[in-house]
Every structure is written in structure tokens, then in C-alpha cells.
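Comments concern the structure below.
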Amino acid sequence: MKNFELFLREIGISIFYVKIGLGFLLSFLITFFSVPTIIKISRRKNLMDEPGVRSSHIRKIPNLGGIAIFYSIGICTSIFAYELFDLYKFLFASLVILLYIGVMDDIVVMRAYKKLVAQIVVSAIIVIGSDIRIRNLFGIFGIYQMAYWISVIFSIVTFIILINAFNLIDGIDGLAGGYSVICSALFGISYYRLGEYNYPLVVLSVIIIGAVLAFLYYNLSNYRTNKIFMGDTGSMLLGFLLAFTSICFIDIFIDKALPNIPRYHLQSAPAVAVAILILPIVDTLNVICIRLYNKKSPFDADKNHIHHKLLKLNLTHRRSSFYIICYYLFIVASAYYFRHLNVNLLLFIILLLGFAGAYLPDIIYLFKNNKKTTN
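So the mapping is simple: the numbering used here equals the position in the sequence shown, first residue as 1, plus 8.
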């Protein structure tokens, strides 16, 4: 690979843009050609997702699409962004553990506490072993630099919340996948603007986009024989990777090998990262609050998620996903526009807009019902 890089430099071609192009193309193709095989095996072995309490589908669908996403990301990142696995020694190990747990859960359905233990182990490995953690909150609630162990615990909890939050929004066709593409694109653009030392993270973002776009081709398919879900395997992997990229964004560095070079800090970085990941954060907080208010376990399945509310308005899966993503893109745009505000005020505005979006479908539903009653 290094010889290839030297050759490209000699002929005046930037290796970075070659990695971007080839990384996207190969990632897309690997997933695209892997999924049909996974569908075939799933049907033959009856490894299907059965309709349940909170399901939005009425027939059995293969749910191991996350394997193709892992396969694609694992291969392409090792080739085009190998610096990440060199810099973060436990990154690949964390992905493999999540793959195993996800596949087990998709096939035999693991108990919640077993999944939680595995997520704690994975989060601890990446936070402590690879030193991926939130060190500074830039004044949120008056907190700036955090002590090492507080930073470690806070970062582990953040990983666990985001992994599970992404799992919860994977309830309708196109939502988790489409939102992952948007988040990866936003983080990728941000890393690109912050300089060449962050280019491996840009390549990772592009690889994720390629893999998920190929998956979405099948996930949004109208043909019964082609349709597939990403399952817990895919949602946990994507949740983990987006947690990884968001924490890196909050604590962006120039080069770990050059400790004397000052770190780059964006004062509103934590609030902007929350804005990018606002959908899974708000959706998870909202359903937990509703369950606790109704004196139910936070782990009980229900249909109080934002996507369920839109389906209640007789919208299709595609339209529901499209409207949700558009609204939360509006929140990201608002966060970027007001990025120079006080970080606490900015965070308040972001959360306010996020929860407003969560209850907007309820308001529309009540308005429609009242209108019908009046007529």
C-alpha cells in the first residue's frame, strides 16, 4: 500500500481522493453483492425476523443485513484507513465482539443483561484501551476538563447509550440506515475541514456511507425476495461507529504522536455532536420517560417511538423516514447557524427542537381527530 501511495505521489495524484473513491466504491460493491447471499442463507435456514409487539412489518424478513455492513466496513477500513486500526489498537476487536453479540441476538435473541454486559466490555475496551473519551465538556453545566476516571465512566456510558439508541430507531425501513448516512456525511465533512491529520476518519465516514447505501437498496426494496433488515448486528455496529466518530469530533486532535502540538477545540463541539445524533438521543429519552411515567420497565417494548407515531398518521415507511430525517437535518442546520452561542443555550435550543419534533406527530394526530369529530 505504501509503494502504491509513493507511485501516486510521483504522478501527481492525491492518495486521499483515491482512497475516498475506491473506499466508497469497494464498500458499496461488497455490501451490494453480499446481501443476496445472506438473504438466500437466511431463508434456507429460516433465520428471519418474526413480527412482534413493536414490529412495523407483518411478514417474516431476513434480519442479518448487519453482517454485510460489517464485512464491508472491516475490509475497506483495513485497506483504505488502516491508520485507524494502528492508532486505535482495540477498534477492530470491538467491532468483532459487537458482530458476535449482534448475530447471536438476531438468531436466538439474547437476554438484555447479557447484551448490556457485552456493550460495557466493548465500550471499556475502546475507551480505556484506545483512549477514545470525552475529556472536556467546554462549559456544559459549568464543566470543563474532567478527571481521568470521571471521563472514562462518562465516555463508557455515552457509548452504551448511543449503541442502544441506534438500535431503538431501527423500527421502519430506511430510518436507521438513512440517518447513519446523514450522520456519517456530516462528521466526514467536519473532519475534512479540520485538516489532513483527520483524513482517515473522513475515509471511514465515506466507507460507512458506501456500505449503508448498498444495504438501503435492499432494505427499501418492494420485492419480498430482496428485502432485508440490518438487525441488531447492523444497528449496534453503526451506533458504535457513530459514537466513536462523535467522541473523536468532540475531542479532535492533530496527532497523538505529537503531544506537544495543541489540540483543536470547537467551543460548541459537544452541542453540535448532540445535534447530529439528536434523533436517537431524543427518541430514547422520550420513550424511557413515557415508560417510567406509565410505571413500566424502560426495557418494555412499545409503540411510542417517533416513527411509530408517523405510521399512526397513515404514512408509509419511506415517507416517515424521509420526514424524520429532514426535520432533524433542520436541527443540525440550526445548530450550525447558532454555533457561536453559549454552549448551554445552544444545547437547550437543540434539545427543545428535538423534543418538539418528537411530539409534533401527536399534535397533528389530535388535530386530525378533532377535525373528524367536528365534521
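Heads up, the beta-carbon is just placed ideally off N, CA and C, and yes, glycines get one too.
- Pro-306 counts as exposed, since fewer than 16 other C-beta atoms from the protein chains shown sit within 10 angstroms of its C-beta.
- In terms of Cα proximity to Glu-91, the closest of Asn-206, Val-340 and Ser-198 is Asn-206.
- When DSSP states are grouped into helix, strand and coil, Pro-306 belongs to the coil group.
- Excluding five sequence positions before and after Ile-136, the CB atoms of its chain that fall closer than 7 Å to its own CB belong to Val-160, given in chain order.
- Membership of Asn-144 in the beta strand (DSSP E) is indicated by the continuous run 144-148.
- The beta carbon of Pro-278 sits closer than 8 Å to the beta carbons of Ile-142, Leu-145, Phe-146, Ile-148, Ile-258, Val-351 and Leu-355 from its chain, once the five residues preceding and following it are set aside; these are given in chain order.
- Excluding five sequence positions before and after Gln-127, the CB atoms of its chain that fall closer than 6 Å to its own CB belong to Ile-168 and Ile-171, given in chain order.
- Sequence-distant Cβ neighbours of Gly-196 in its own chain, meaning closer than 7 Å and more than five residues away, are Val-210, Ser-213 and Val-214.
- Shown here for Phe-98: same chain residues with a beta carbon closer than 8 Å to its own, the five before and five after excluded, namely Ile-133, Ile-134, Gly-137 and Ser-138 in chain order.
- Judged by DSSP in its simplified three-state form, Gln-275 adopts coil rather than helix or strand.
- In terms of Cβ geometry, Ile-260 and Leu-349 do not form a close pair [threshold 8 Å].
- Note on Ser-22: under 16 other CB atoms within 10 angstroms of its CB, so exposed under the neighbour-count rule.
- Taking 8 Å as the cut-off, the Cβ atoms of Ile-333 and Ile-217 do not count as close.
- Using a 10 angstroms sphere on the CB of Asn-71, the tally of other CB atoms reaches 16 or more, which defines it as buried.
- Rounded to the nearest whole angstrom, the C-alpha separation of Phe-41 and Ala-283 is 34 Å.
- Cβ-Cβ distances below 6 Å link Leu-361 to Ile-339 in the same chain, with the five nearest sequence neighbours on each side left out; the list follows chain order.
- Excluding its 5 nearest sequence neighbours in each direction, Ser-131 has C-beta neighbours in its own chain below 6 Å: Ile-164, Phe-167 and Ile-168, listed in chain order.
- When only Cα atoms are considered, Ala-120 and Gly-31 end up about 35 Å apart.
- In this structure, DSSP gives Asp-181 a state outside helix and strand, which the three-state scheme calls coil.
- Phe-375 sits exposed, since fewer than 16 C-beta atoms from the chains shown fall within 10 Å of its C-beta.
- The C-alpha of Phe-78 lies about 7 Å from the C-alpha of Leu-107.
- The region 224-242 and the region 313-322 do not touch, with fewer than three beta-carbon pairs separated by less than 8 Å.
- Taking a C-beta distance under 8 Å as the contact criterion, Ile-140 and Tyr-96 qualify as a contact pair.
- With contacts defined as CB atoms closer than 8 Å, Phe-237 and Ile-69 qualify as a contacting pair.
- By the neighbour-count criterion, in which 16 or more other beta carbons inside 10 Å mark a residue as buried, Thr-233 falls on the exposed side.
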